[in-house]
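Report on the structure given below.
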Amino acid sequence: MALFTRRSRGFTLVELIVTLTILAIVSVGIFGFIESSASGYVESRNREALQSEARFAVERVGRELRHAVPNSLAVYAGGDCMVFTPIRYTGTYHQLVEGENTLDAVLSTKETNWQNKVNDGNHRIVFLPSSPSDLIGDNSYLITGVAGTTITTSKTAANPWPAESPSRRFYIYENSVNFCFENGELRRRINNGTQNSTTLAMNIAAGSGFNLGTTSLASGNLINITYKFRQSGESSVYNQQVQVLNAP
51 MALFTRRSRG FTLVELIVTL TILAIVSVGI FGFIESSASG YVESRNREAL
101 QSEARFAVER VGRELRHAVP NSLAVYAGGD CMVFTPIRYT GTYHQLVEGE
151 NTLDAVLSTK ETNWQNKVND GNHRIVFLPS SPSDLIGDNS YLITGVAGTT
201 ITTSKTAANP WPAESPSRRF YIYENSVNFC FENGELRRRI NNGTQNSTTL
251 AMNIAAGSGF NLGTTSLASG NLINITYKFR QSGESSVYNQ QVQVLNAP
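Every letter in the sequence shown is one number past the one before it in the working numbering, and letter 217, counting from 1, is 267.
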């Protein structure tokens, strides 16, 4: 009886070339998908980081400005910078007696040792500021001593007190603070005689700035701030309007 056998054989050259071509096409597709997914993930992370940075800067600036001494805001350097004076303590007084340089004060604070902090000789007091110059001129005074609820000022006793606050409110403050958009960053600097600054945000683009230009804004203690962020070809713009909550 005749036996038939099938002889085994390998791939032909044509089959091998076709197989390798198909594998190459599939590999390119897979690698392209992986690259696209990875690139999308990186872009998403960068976008999220940029948004977080922007939110932090907006919140930080807004929180500080809302607790500034009234009418202490000023814009300079073509809108790239602004200066304001943070409130250290605030409160009310009973009356300002002519011929004296002291006042009886009630502070709006829970601190029990505020007297020790104010007695360092670097704090000033102002009653009805109408412009930033009032915080460094004759309408404000250096605090020279505190005992109990009595505040002693640098006022010459014979000189009259400045105009009183309608609500008999005063503000105690120390150093002014600058916010500046410079060299692609938003920086905060305390005006205490040093040049040290803190970077609040990076990736700042041209067009960011502060605006206190109109009379209505200035009189309402309002300031407009534009933040422009740019990273990896993507841009984000934030417009913020901050109102100083305190009234003289």
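All C-beta atoms, glycine included, are put in the ideal place defined by N, C-alpha and C.
For residue i, the three-state DSSP class (helix, strand or coil)
i, result
"residue 134", "strand"
"residue 70", "helix"
"residue 153", "strand"
"residue 231", "strand"
"residue 64", "helix"
"residue 125", "strand"
"residue 141", "strand"
"residue 266", "Below a pLDDT of 50, predicted positions are generally treated as unreliable, and residue 266, at 49, falls in that range; no measurement from the model is reported."
"residue 176", "strand"
"residue 213", "coil"
"residue 259", "strand"
Distance between residue j and residue i (C-alpha atoms, nearest Å)
i, j, result
"residue 122", "residue 285", "32 Å"
"residue 254", "residue 125", "18 Å"
"residue 68", "residue 77", "14 Å"
"residue 295", "residue 184", "19 Å"
"residue 288", "residue 245", "28 Å"
"residue 134", "residue 261", "13 Å"
"residue 203", "residue 191", "6 Å"
"residue 187", "residue 247", "26 Å"
"residue 181", "residue 211", "17 Å"
"residue 236", "residue 275", "12 Å"
"residue 108", "residue 256", "17 Å"
"residue 106", "residue 209", "46 Å"
"residue 299", "residue 198", "Examination of residue 299 is not possible in this model, given that the chain is present from 51 through 298 alone."
"residue 75", "residue 62", "20 Å"
"residue 217", "residue 278", "40 Å"
Cross-strand partners of residue i (DSSP beta bridge)
i, result
"residue 195", "202"
"residue 292", "273"
"residue 284", "281"
"residue 239", "228, 247"
"residue 118", "136"
"residue 220", "141"
"residue 105", "Answer is none; residue 105 lacks a bridge partner."
"residue 190", "176"
"residue 75", "Paired residues: none, contrary to the question."
Spatial neighbours of residue i in its chain, beta-carbon cut-off 6 Å, leaving aside the 5 residues before and after
i, result
"residue 168", "193, 196"
"residue 158", "140, 141"
"residue 224", "138, 172, 173"
"residue 219", "142"
"residue 239", "228, 247"
"residue 251", "103, 107, 236"
"residue 160", "none"
"residue 205", "151, 191"
"residue 249", "235, 237"
Sequence-distant residues of its chain with Cβ nearer than 7 Å to residue i (five each side left out)
i, result
"residue 112", "290, 292"
"residue 207", "149, 150, 151"
"residue 130", "230, 231, 232, 259"
Neighbourhood of residue i by C-beta, 8 Å cutoff - its chain only, sequence neighbours within 5 removed
i, result
"residue 266", "Confidence at residue 266 is low in this model, with a pLDDT of 49, below 50, so the placement of that residue should be treated as unreliable; the coordinate-derived value is given next. 272, listed in sequence order."
"residue 214", "146, 177, 178"
"residue 64", "none"
"residue 127", "230"
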